[in-house]
Amino acid sequence: MYNSNLDIWIAGAFAAVTVDLIVYPFDTLKTRVQSPDYNRLYKDAATGAVRRSALYGGLYQGVWSVVLSTIPGSGAFFTTYEAVKYTLMNASRHHHNPDNNPLPFTHSLPQPIIHAISSSTAEMVACLMMTPAEVLKQNAQVTNVNTSKGGQDAKSAMTQVIARFKHRPWKLWSGYTALVGRNLPFTGLNFPLFEFFRSHLVEWRKRRKEDGAMQTREWDPVVERAALTGMSASMSGMIASVVTTPIDVIKTRMMLSASENNNDDGNKSTKKKTAGWGTLRVGKEIYRNEGTRGLFKGGAIRAAWTAVSLSMYLSMYEGGRFYLENRRREKDGLNTRVEVDGSKEEAAI
Numbered sequence: 401m402y403n404s405n406l407d408i409w410i411a412g413a414f415a416a417v418t419v420d421l422i423v424y425p426f427d428t429l430k431t432r433v434q435s436p437d438y439n440r441l442y443k444d445a446a447t448g449a450v451r452r453s454a455l456y457g458g459l460y461q462g463v464w465s466v467v468l469s470t471i472p473g474s475g476a477f478f479t480t481y482e483a484v485k486y487t488l489m490n491a492s493r494h495h496h497n498p499d500n501n502p503l504p505f506t507h508s509l510p511q512p513i514i515h516a517i518s519s520s521t522a523e524m525v526a527c528l529m530m531t532p533a534e535v536l537k538q539n540a541q542v543t544n545v546n547t548s549k550g551g552q553d554a555k556s557a558m559t560q561v562i563a564r565f566k567h568r569p570w571k572l573w574s575g576y577t578a579l580v581g582r583n584l585p586f587t588g589l590n591f592p593l594f595e596f597f598r599s600h601l602v603e604w605r606k607r608r609k610e611d612g613a614m615q616t617r618e619w620d621p622v623v624e625r626a627a628l629t630g631m632s633a634s635m636s637g638m639i640a641s642v643v644t645t646p647i648d649v650i651k652t653r654m655m656l657s658a659s660e661n662n663n664d665d666g667n668k669s670t671k672k673k674t675a676g677w678g679t680l681r682v683g684k685e686i687y688r689n690e691g692t693r694g695l696f697k698g699g700a701i702r703a704a705w706t707a708v709s710l711s712m713y714l715s716m717y718e719g720g721r722f723y724l725e726n727r728r729r730e731k732d733g734l735n736t737r738v739e740v741d742g743s744k745e746e747a748a749i
């Protein structure tokens with residue numbers, strides 16, 4: 401890989417911010433559906449019908465906390481991921497003991513395990529930066545404001561949420577274990593699946609080219625890499641999101657309880673009851689009160705927007721990284737890469 405850490409950081413941050421702005425409304429809907437106060441806040445008490453103005457209003461509440469944290473968070477994720485993956489791959493292939501035997505442990509690691517270790521390590525680093533923004537975001541998403549004021553509603557919601565944490569800033573890291581608990585299984589499952597799907601798509605495309613089936617149409621290498629990455633990411637993301645929906649519901653409940661505050665209508669919020677609870681206890685409470693269905697609330701929305709957002713995210717990242725790599729090669733007087741490489745070292749993000 402011919403990219404610098406700055407290339408990786410730029411590509412990751414640009415992709416993350418762009419995708420966050422596009423899919424944020426779907427994330428807001430998911431959070432509201434998963435909220436323990438969903439029925440009280442978003443349904444008519446008399447008829448049980450959904451109050452659409454409340455559910456669909458202010459869908460961008462809290463967006464700026466995510467945008468501002470995404471830039472360092474995504475950059476930290478990808479630079480850590482690339483560094484750990486390169487180290488493990490390089491150790492397994494090239495590093496030897498004095499007796500010329502491969503170093504223990506790393507030489508026997510299969511590719512999926514290397515990808516899982518690399519992505520999980522990167523996720524724990526990124527979550528340290530992302531947790532405060534996630535807490536602010538999800539509390540802002542369920543804060544009642546006047547949705548008739550256009551862009552002012554998001555600012556008003558965030559102001560209210562920040563005021564709740566003014567004297568308890570450490571509460572901004574409430575839910576870190578739940579966030580890591582959700583993201584580690586998701587990331588650890590998603591990236592090996594992603595690499596598997598992409599390597600097979602790359603090989604399939606190469607076979608098609610060799611058979612002459614694709615000679616009539618030449619793709620730009622950046623577009624080709626982005627397209628293959630996007631298709632692979634959508635498949636892996638949908639599978640991983642469905643599997644990890646229960647921990648996502650638990651994470652949402654824990655972060656919503658972090659403010660330990662009453663809702664705007666003066667009634668005691670359900671979320672205060674769970675404030676300070678651990679991940680396992682919150683999960684048991686959800687299962688006891690709502691059953692298995694409660695643990696999969698918002699799962700369909702999450703699977704859909706994860707497939708779309710992850711496809712866009714990784715395709716934009718990979719396309720951007722490939723573009724910056726070719727620019728760096730040109731600057732150094734080297735030949736640019738014109739084809740997606742199917743090798744294990746180059747095909748990995």
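Going by this note's numbering, the sequence shown opens with residue 401, and the numbers climb by one from there.
By construction, the Cβ of each residue, glycine as well, lies at the ideal position given by its N, Cα and C atoms.
One Cα belongs to I408, the other to V433, and the distance between them is close to 35 Å. Sequence-distant Cβ neighbours of N405 in its own chain, meaning closer than 7 Å and more than five residues away, are T479. With fewer than 16 neighbouring CB atoms inside 10 Å of its own CB, K731 falls in the exposed class. Taking 4 residues as the shortest admissible run, the stretch 427-502 contains the following complete alpha helix (DSSP H) segments, listed from N- to C-terminal end: 438-442, 452-456 and 463-494. Of all alpha-carbon atoms in T531, T559, I562 and G475, the one lying nearest the alpha-carbon of S519 is that of G475. Each residue's CA atom was taken as its position, placing T531 and E610 some 48 Å apart.
For Y576, the enclosing alpha helix (DSSP H) stretches over residues Y576 to E610. No Cβ-Cβ contact shorter than 9 Å links E718 with T587.
DSSP, read as helix, strand or coil, puts R729 in helix. Distances from the alpha-carbon of T470 to those of Q560, A411 and H515 put A411 closest. Taking a 10 Å sphere around the C-beta of G691, we find fewer than 16 other C-beta atoms and assign the residue as exposed.
DSSP places L421 in the helix class (H, G or I) of the three-state scheme. With the rule of 3 Cβ pairs closer than 8 Å, the stretch 587-607 does not count as touching the stretch 683-703.
Proximity of the stretch 590-606 to the stretch 567-575 falls short of the contact definition, fewer than three beta-carbon pairs being nearer than 8 Å. The alpha-carbon separation between V580 and V535 amounts to approximately 13 Å.
Our two residues, T679 and I650, have alpha carbons roughly 7 Å apart in a direct line. Collapsing the DSSP output to three states places H567 in coil. In the three-state reduction of the DSSP assignment, F696 falls in the coil class, being assigned neither a helical nor a strand state.
By the neighbour-count criterion, in which a residue is buried when 16 or more other Cβ atoms sit within 10 angstroms of its Cβ, H515 is buried.
For G630, the enclosing alpha helix (DSSP H) has its first and last residue at P621 to V643.
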